[in-house]
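Taking it in order: structure first as structure tokens, then the write-up.
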Amino acid sequence: MKKQQQEQLILKPEAQIHIIFGATGDLMQRKLISAYYRMMKEHMMPKNFALIGFSRRPLTDKEYKKLLHDALQQYSRNMKIDERVWQRLSSRIYYHPGNFNEAAGFRTLRRFLAKLEKRHHTKGNKVFYFATLSKNFNKIIKQLLANKVITRKGNEKDYFERLIFEKPFGHDLHSARLINQKVEAAFDEHDIFRIDHYLAKETVQNLMVLRFANALFEPLWNHKYIDNVQIIADEVLGVGSRGGYYDNAGALEDMFQNHLMQLLMFTAMEPPADLKPTSIANEKIKVLQSIKDMSTQQARLNSVKAQYTKGFANGKMRKGYTEVNGVDPDSITETFIAARLEISNWRWAGVPFYLRSGKRLAKKTTKIIVYFKEAPRILFYEKQVGIHPNVLEIRLQPDEGISLHFNIKKPGKEMHVVDANMDFCHECLFSPNTAEAYQVLIHDAMVGDKTLFTTWREIEGSWRITDQISHAWRKVKRLPKYRAGTHGPKLAEELMERDGRHWYI
Ligand code: BG6
381 MKKQQQEQLI LKPEAQIHII FGATGDLMQR KLISAYYRMM KEHMMPKNFA LIGFSRRPLT
441 DKEYKKLLHD ALQQYSRNMK IDERVWQRLS SRIYYHPGNF NEAAGFRTLR RFLAKLEKRH
501 HTKGNKVFYF ATLSKNFNKI IKQLLANKVI TRKGNEKDYF ERLIFEKPFG HDLHSARLIN
561 QKVEAAFDEH DIFRIDHYLA KETVQNLMVL RFANALFEPL WNHKYIDNVQ IIADEVLGVG
621 SRGGYYDNAG ALEDMFQNHL MQLLMFTAME PPADLKPTSI ANEKIKVLQS IKDMSTQQAR
681 LNSVKAQYTK GFANGKMRKG YTEVNGVDPD SITETFIAAR LEISNWRWAG VPFYLRSGKR
741 LAKKTTKIIV YFKEAPRILF YEKQVGIHPN VLEIRLQPDE GISLHFNIKK PGKEMHVVDA
801 NMDFCHECLF SPNTAEAYQV LIHDAMVGDK TLFTTWREIE GSWRITDQIS HAWRKVKRLP
861 KYRAGTHGPK LAEELMERDG RHWYI
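Start counting the sequence shown at 381; every next residue gets the next number (our numbering).
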């Protein structure tokens, strides 16, 4: 397709300025700057655009641009930076130092914005990106309103002001509600964008097509045919430079409450009435509502938390979690979480959902495993010839795709059965260069499309379950450990073995 044709297919955002809070943080360096760069490269940006990084560090524009350029080089997946594209982007980047607690930085931000609006002809349109800890959300909103950087809802305006909030939204149900009350009181819902970047992953969007556009799977997608579902997000990376943030969050808040629960909702939901975001969200919320409440005792029995110690991972000897910069040496924050949940509705009664995520594990893999029930134990079973239950493996990363495992006869006189595989490889069918999740989401926020953002009710419902697990572990003084580079703690295996099952490796 010619470049011009391609550009026409992408909805071009209107003129706008982005203000990033947490502009020197890990997210900006690892994900956001490469998303902006790729949008610029792929002609998805409006001509009239500017970006202001707002953070505590006293940097000049030049120093900030260098920091971003270095980050782009370090974290962009095998991408050679096109310096002409970078120049186009960097000529629109500015830095503004400020403290979230102090009015001064916000007062000067207002004046700076007015100046840049004239320079870049951005017509007053703004996107405020809260790429910072959720404990800062209310402080920033207060300053934005008090210093008239943003307009409170109900006031007439002929420009837009949108807000993007990073996950985790709050650190439990109570704190999330406090933030949401403030946000909803001050701004219109259509201007509020709550991020979970997993929603923009191709395979997550593909889940609905797989389930509801194929006659093959949906009739089997229930407790009559499915034995268990496993949702796995193993990471090889440790906590890197995010020790300070992570030690206050842990795997439950960082991955489970949002990414894993989103995957669970898409896997378990009923078909929506149509593809409108609200119809889809309604079905997802019903899943959350049907997850069985757990008493403290049940939640403890059905979950495992653990922390990694020193070990050989990803080709190198790695420090233990408590030795990482920014982490309390006596920390009892979990770097691994596994849990067994039950959904009590007609479709899923009796089917356990096992969720698991951890840092510094043996390999990076994010996948959903649908384990079908065994075929009736007749005919071939008598001979003990190695029959396995069918498994549908939905891989999000690193090798995006879907595999269906089934039994076939091995050639020869003997009746031997072996495992065969029908495989869909995303990269083989499409190009390896599909857009990254953050690129999709920032572009959607720029054009005002909320389809791939989470709703407050999903966040709320998900905290309800997550809180039950954190409550069950609150009195624990020492966490179980696992060595970096392994498959996680033995207790996670035991959680499965108790049910006569095992994790799908
Ligand atoms: C982020 C978490 O939301 O997701 C990180 O804060 C985690 O700790 C990351 O590494 C994983 O994202 P992905 O897209 O690599 O699976």
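Even glycine gets a Cβ: it sits at the ideal position worked out from N, Cα and C.
| Check | Outcome |
| --- | --- |
| Closer than 7 angstroms: residue 746 CB and nearest the ligand BG6 heavy atom | yes |
| Burial state of residue 381, where buried means 16 or more other Cβ atoms lie within 10 Å | Residue placement at residue 381 cannot be trusted, given a pLDDT of 47 that sits under 50; what the coordinates show is reported in the next sentence. Residue 381 is exposed by the Cβ-count criterion. |
| beta-carbon residue 547 near the ligand BG6 non-hydrogen atom, thresh 7 angstroms | yes |
| Rounded C-alpha distance that separates residue 548 from residue 767 | 42 angstroms |
| First and last residue of the uninterrupted alpha helix (DSSP H) at residue 435 | Where residue 435 is concerned, there is no enclosing alpha helix (DSSP H), although the beta strand (DSSP E) it sits in stretches over 429-435. |
| Residue environment, residue 788, which counts as buried when at least 16 other CB atoms sit within 10 Å | exposed |
| Chain-order list of residues whose beta-carbon lies under 7 angstroms from that of residue 465 (same chain, five-residue window excluded) | 417, 420, 421 |
| Boundaries (first-last residue) of the alpha helix (DSSP H) holding residue 393 | That residue, residue 393, is in no alpha helix (DSSP H); it is neither H nor E in DSSP. |
| Contact under 8 angstroms by Cβ, residue 747 with residue 774 | yes |
| When 625, 652, 488 are compared against residue 523, the one with the closest alpha-carbon | 488 |
| Residue 513 versus residue 624: straight-line alpha-carbon distance, rounded | 11 angstroms |
| Residue 695 classed as buried or exposed, judged by whether at least 16 other C-beta atoms fall within 10 angstroms | exposed |
| Short Cβ contact (8 angstroms threshold) for residue 771 with residue 749 | yes |
| Inside the region 824-871 only - alpha helix (DSSP H) runs reaching at least 4 residues | 836-852 |
| Beta-bridge partners of residue 785, as assigned by DSSP | 771, 801 |
| Residue range of the unbroken beta strand (DSSP E) whose run includes residue 452 | Careful: residue 452 lies outside any beta strand (DSSP E), inside the alpha helix (DSSP H) at 441-455. |
| Spatial neighbours of residue 387 in its chain, beta-carbon cut-off 8 angstroms, leaving aside the 5 residues before and after | Here residue 387 scores only 49 on pLDDT, less than 50, and its place in the model is too uncertain to base an answer on. |
| Rounded separation between residue 542 and residue 850 - CA only | 33 angstroms |
| Closer than 7 angstroms: residue 617 CB and nearest the ligand BG6 heavy atom | yes |
| DSSP three-state assignment for residue 689, whether helix, strand or coil | strand |
| Residue burial classification, residue 486 (beta-carbon count within 10 angstroms, cutoff 16) | buried |
| Any non-hydrogen atom of the ligand BG6 closer than 7 angstroms to residue 613 Cβ | yes |
| Rounded C-alpha distance that separates residue 596 from residue 647 | 15 angstroms |
| Helix, strand or coil at residue 531 [DSSP, three-state] | coil |
| Same chain only: Cβ atoms within 7 angstroms of residue 392, ignoring 5 sequence neighbours per side | 426 |
| Residue 718 versus residue 874 - alpha carbon distance | 11 angstroms |
| Proximity test, residue 523 beta-carbon vs the ligand BG6 heavy atom, cut-off 7 angstroms | no |
| First and last residue of the uninterrupted alpha helix (DSSP H) at residue 500 | 483-500 |
| Backbone CA spacing between residue 862 and residue 653 [nearest angstrom] | 45 angstroms |
| Span separating the alpha-carbon of residue 907 from that of residue 741 | This structure does not reach residue 907, given that the chain is present from 381 up to 885, and the question cannot be answered. |
| Coil, strand or helix - residue 815 by DSSP | coil |
| Buried or exposed by the 16-neighbour rule on C-beta atoms within 10 Å, applied to residue 643 | buried |
| Cut-off 6 angstroms between Cβ atoms - residues of its own chain near residue 444, not counting five sequence neighbours on either side | 433, 475 |
| At least 3 beta-carbon pairs within less than 8 angstroms: the region 393-403 vs the region 503-513 | yes |
| Whether residue 448 touches residue 413 by CB criterion (8 angstroms) | yes |
| Cβ-heavy atom distance, residue 634 to the ligand BG6, below 7 angstroms | yes |
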